[in-house]
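Enquirer:
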Amino acid sequence: MAGGLFVTDLQEDRELWSLPDSHVRPYAHCEYGEGFVIFDYVDGSKEVWRHVPDWNDEEAAAVTPEAMPTTRQLRASRTAAEKYQTDSAESARGHFRAWALLRPPDTTRAFRFSYPTLGAVGWGNIYLWDVRTGALIQTIEQIQLGLYNDDDEAQEQTAAIATALNFLGDINYIEVSEKYVMVCGIHSLRVFSRATGKYVLDVSSSEHPLAAWHLSLSPNRPTGEAWKSSSLVSQEVVCRRVPMPESPEVIIDEFVAGKLFTCVDQDW
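Using our numbering, the first residue of the sequence shown is number 1, and each one after it goes up by one.
Shown next, in the form of structure tokens:
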């Protein structure tokens with residue numbers, strides 16, 4: 001698969017703007033939100049580009065010196081502006097300009113953007129940046145073992161020792177919210193508090209059951225013209241309760257991805 005980054009108008013089916021495969025590697029991971037697009041280098045660095053209609057010169061000047069866009073980024077930005085005639089904010093819908101380059105202190109595997117925070121995770125640490133300034137705002141360390149979020153020191157040490165037998169393992173996914181960071185390792189799903197840097201939830205992939213409910217797509221998929229004529233097709237979701245095993249068992253499985261949601265109290 002060739003690299004590159006393309007912005008397309010879905011309604012008119014036309015290309016608005018792009019970066020060439022000489023700049024964006026094949027299979028690059030891409031995130032977007034609030035006018036910022038982010039993609040990665042092979043070495044784990046993250047390029048940040050900003051939507052031209054949202055551009056602010058004062059905010060661009062406030063990007064930290066260590067995160068300023070490189071000569072390579074600026075050259076690609078100028079070339080794209082010339083190709084797509086980015087003359088003004090009014091004519092630049094879907095156009096982007098180089099904003100920053102984020103360099104993790106060590107190699108990272110997965111990253112996720114939840115404005116204004118970009119989270120990236122390596123084998124042992126989680127790194128969080130504010131993409132508006134490019135500043136590294138927080139590092140959560142020792143995530144393979146982790147420290148449990150408990151005020152009792154003895155319980156904390158016990159939890160750490162117990163967790164030593166349950167490493168996260170290779171990292172598959174990270175999710176970021178205002179208060180928490182969730183990491184999916186092959187052996188465990190772990191949620192860390194951004195306030196304390198300690199984990200508040202740990203779920204092993206080798207224990208059963210992992211949840212009370214199981215949701216999956218129905219095998220009865222749409223067919224015929226309904227499937228061919230629509231870009232988005234409604235899917236039926238099957239929900240069933242997970243039965244409790246009669247005796248404890250060890251399963252072989254791994255976490256691939258997850259999602260953090262904010263629960264809002266409502267008067268029903």
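Heads up, the beta-carbon is just placed ideally off N, CA and C, and yes, glycines get one too.
Look at the alpha carbon of L118 and the alpha carbon of R50, and state the distance between them as a whole number of angstroms.
Expert: 14 angstroms
Enquirer: Going by the beta-carbon positions, is the gap between L19 and A67 smaller than 9 angstroms?
Expert: Not a contact, by the Cβ cut-off of 9 angstroms.
Enquirer: S204 lies in the beta strand (DSSP E); which residues open and close that run?
Expert: Per DSSP, S204 belongs to the beta strand (DSSP E) from Y199 to S204.
Enquirer: Where A92 and R132 are concerned, what is the direct C-alpha to C-alpha distance, given to the nearest angstrom?
Expert: 20 angstroms
Enquirer: Between which two residues does the beta strand (DSSP E) carrying L101 extend?
Expert: F96 to L102
Enquirer: Am I right that A98 and A76 are in contact with their C-beta atoms under 8 angstroms? What's the rounded C-beta distance?
Expert: With a Cβ gap of about 7 angstroms, A98 and A76 count as contacting.
Enquirer: Counting only runs that start and end within the region 29-100, where is the alpha helix (DSSP H) found for 4 or more residues in a row?
Expert: 57-61 and 71-83
Enquirer: Mapping DSSP to helix, strand and coil, what is V256?
Expert: coil
Enquirer: For G258, which residues in the same chain have their Cβ closer than 8 angstroms to its Cβ, ignoring the five residues on either side in sequence?
Expert: Y173, E175, M182, C184 and L189
Enquirer: If you drop the 5 nearest sequence neighbours on each side, which residues of the same chain put their C-beta closer than 6 angstroms to that of L201?
Expert: For L201, where only same-chain residues beyond five positions count, the Cβ hits under 6 angstroms are V191.
Enquirer: Mark V237 as exposed unless 16 or more other C-beta atoms lie within 10 angstroms of its C-beta, in which case mark it buried.
Expert: exposed
Enquirer: If I measure Cβ to Cβ from L165 and keep anything under 8 angstroms in the same chain, skipping five residues before and after, which residues do I get?
Expert: In this prediction, L165 has a pLDDT of 48, which is less than 50 and means its spatial position is unreliable; nothing more can be read from the coordinates.
Enquirer: Nearest to K179 by CA position, among I140, A211, D13 and T86, is which residue?
Expert: I140
Enquirer: Output the distance between the C-alpha atoms of W55 and A61, rounded to the nearest integer angstrom.
Expert: 11 angstroms
Enquirer: Buried or exposed: R221, going by 16 or more other Cβ atoms within 10 Å of its Cβ?
Expert: exposed
Enquirer: Please name the residue or residues paired with V237 in a DSSP beta bridge.
Expert: V237 pairs with L217.
Enquirer: Whose C-beta lies closer than 6 angstroms to the C-beta of G33 among residues of the same chain, with five residues either side of it excluded?
Expert: Cβ neighbours of G33 beyond the five flanking positions: F113 and Y115.
Enquirer: The ligand SAH and S177: does the residue's C-beta get closer than 8 angstroms to at least one heavy atom of that ligand?
Expert: As far as ligands go, the structure on display features none, and thus does not contain the ligand SAH.
Enquirer: Look at the alpha carbon of P219 and the alpha carbon of Q235, and state the distance between them as a whole number of angstroms.
Expert: If I take the Cα positions, the gap works out to 10 angstroms.
Enquirer: For W123, name the three-state secondary structure that DSSP assigns.
Expert: coil
Enquirer: Among D13, S45, D9 and Q11, which has the Cα closest to the Cα of V24?
Expert: S45
Enquirer: Leaving out five residues before and five after E31 in sequence, what residues of the same chain have Cβ atoms less than 8 angstroms from its Cβ?
Expert: V37, I38, F39, F111, R112, F113 and L118
Enquirer: Buried or exposed: where does Q11 fall if 16 or more other Cβ atoms within 10 Å of its Cβ makes it buried?
Expert: It is exposed - the Cβ of Q11 has fewer than 16 other Cβ atoms within 10 Å.
Enquirer: If you run the structure through DSSP and keep just helix, strand and coil, what is T133?
Expert: coil
Enquirer: Would you call S88 buried or exposed, if buried means 16 or more other Cβ atoms sit within 10 Å of its Cβ?
Expert: exposed
Enquirer: Measure the Cβ-Cβ separation of R109 and D170 and say whether it is below 9 angstroms.
Expert: yes
Enquirer: Helix, strand or coil: which one does DSSP assign to T196?
Expert: In this structure, DSSP gives T196 a state outside helix and strand, which the three-state scheme calls coil.
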